[in-house]
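Chemist: Be aware that the sequence shown starts at 619, since it is given in my numbering, and climbs by one per residue. Using N, Cα and C, we set each Cβ at its ideal position, and we do this for glycine too. If you're wondering where the values come from, they're calculated on a predicted model, not measured in any experiment. Please read through the structure below; I'll follow up with questions.
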Amino acid sequence: MTTPVYICTGFLDSGKTTFVKDTLMKQDWIEEGPTLLLLCEEGEEEYTEEYLDENGMFLFQIEEREQLNPDFFRNCERIYHPCQIVIEYNGMWELKEILDEDFPENWEIQGVYSTVNGETLDIYLKNMRNMLMNHLIASELIVVNRCGEGTNRSAFRRAVKIQNPMAQLLFEGTDGNIIPQTEEDLPYDVKADRIEVEDMDFGIWYVDAYERPQRYIDKEITFLSQTFRPKGMPQGLMIPGRQIMACCAEDIRFYGYPCKVEKESYFEQRGWARVTVRFAYESVRHFAPKQPILYLLKIQKAERPENEVVFLG
């Protein structure tokens, strides 16, 4: 049975402990049972004895990178038989070393997450850019917290996406709430009549179209998709969508919007195609709530992409 390993990295006081406590450990896929927590540096936020007891966590303080070695991991597995392992990794250590580590056979890295302090983001980009990016290029989820009005979210998003197009970025304000995406944050020109959604940006478009459908009404949208008709869906409808990962491999789901087609021969079940659709916001059936609806304008068979899974947001 596979034992998942979750790695959370970032510079000191970037919010790693807060992320672990308030986000990671509250996910549905966290198994009941012992959690091995390897704490590689101590910040202002702490794990109290009460918190550790309530969550069944065994904490090991790691002072030197060399402590993280195969013998240590095997002893941890033999003694604790953890249901999952959480590693709060030191942001000054080379991330590649822990990713390439010789874990016990049943341990498997399931997620790499990064936290960034928005208050010091500009300083990091100017003076420690390579060190910062070395961690972010392997991260599936990057949380930039404590973002003030002057935080250049668009510039940071572009810098990250160039090197790690699959990363999901979340920005939090100084109040701790997630900052909704603005038009300037989007990786395409939402004001254009025809929008080309790049392969790994499908998740961003999917979420924004659901939350702000008025931006896309009557626009032509082109994207790479897997065409699919679920059991029970009426003739004349199909779903061009993608497998999307919200946070880790355990929560991958197929997402897409209903699309009206004139001929059944227009699509292949589970086939890959580049589609151009017209976006609408209406009811599929009488009295049903309004939702995003697509009208197929053009479909062209496409090759299976190297990365079939994209990220949500």
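Going straight from the alpha carbon of Val-902 to that of Leu-914, what length do you get?
Modeler: 15 Å
Chemist: Please list the terminal residues of the continuous alpha helix (DSSP H) segment that includes Thr-635.
Modeler: Taken as a continuous stretch (DSSP letters only), the alpha helix (DSSP H) holding Thr-635 covers 634-640.
Chemist: Could you have a look at Ala-920 and say whether DSSP puts it in helix, strand or coil?
Modeler: coil
Chemist: So is Pro-700 buried or exposed if we call it buried at 16+ other beta carbons inside 10 Å?
Modeler: buried
Chemist: By the DSSP assignment, the alpha helix (DSSP H) with Asn-745 in it spans what residues?
Modeler: 739-745
Chemist: By a C-beta neighbour count over all protein chains shown, 10 Å radius and 16 as the cutoff for buried, is Tyr-875 buried or exposed?
Modeler: buried
Chemist: What are the boundary residues of the alpha helix (DSSP H) that includes Arg-775?
Modeler: 771-781
Chemist: Rounding to the nearest angstrom, what Cα-Cα distance links Ala-810 and Ala-827 in this structure?
Modeler: 15 Å
Chemist: Leaving out the 5 sequence neighbours to the left and right, which residues in its chain are closer than 6 Å to Glu-801 when beta-carbon positions are compared?
Modeler: Val-808
Chemist: Do Val-652 and Glu-695 have their CB atoms nearer than 9 Å?
Modeler: At residue 652 the sequence reads Pro, which differs from the Val that was named. No, Cβ-Cβ distance for Pro-652 and Glu-695 is not below 9 Å.
Chemist: Starting from Leu-759, trace the beta strand (DSSP E) in both directions and tell me its first and last residue.
Modeler: That run of the beta strand (DSSP E) goes 759-765.
Chemist: If you reduce the DSSP assignment to three classes, tell me which class Trp-725 lands in.
Modeler: strand
Chemist: Once you ignore the five residues that flank Leu-750 on each side, which residues in its own chain have a CB closer than 6 Å to its CB?
Modeler: Tyr-742
Chemist: Which whole-angstrom value is the C-beta distance of Cys-658 and Ile-625, which I expect to be below 8 Å?
Modeler: No, Cys-658 and Ile-625 are not in contact; Cβ-Cβ is about 10 Å, not under 8 Å.
Chemist: Does the segment 671-687 come within contact of the segment 629-636, defined as at least 3 CB pairs closer than 8 Å?
Modeler: no
Chemist: Considering Ala-827, what are the terminal residues of the alpha helix (DSSP H) in which it resides?
Modeler: 820-829
Chemist: So, with DSSP's three-state summary, where would you put Gln-887?
Modeler: Note: Gln-887 maps to coil in three-state DSSP.
Chemist: Considering only DSSP beta bridges, list what Glu-838 is partnered with.
Modeler: Arg-812 and Arg-896
Chemist: Going by Cα to Cα distance, which pick from Pro-688, Met-784 and Gly-729 is closest to Asp-869?
Modeler: Gly-729
Chemist: Distance, Cα to Cα, Met-851 vs Thr-769?
Modeler: 45 Å
Chemist: Does DSSP classify Gln-679 as helix, strand or coil?
Modeler: Note: Gln-679 maps to strand in three-state DSSP.
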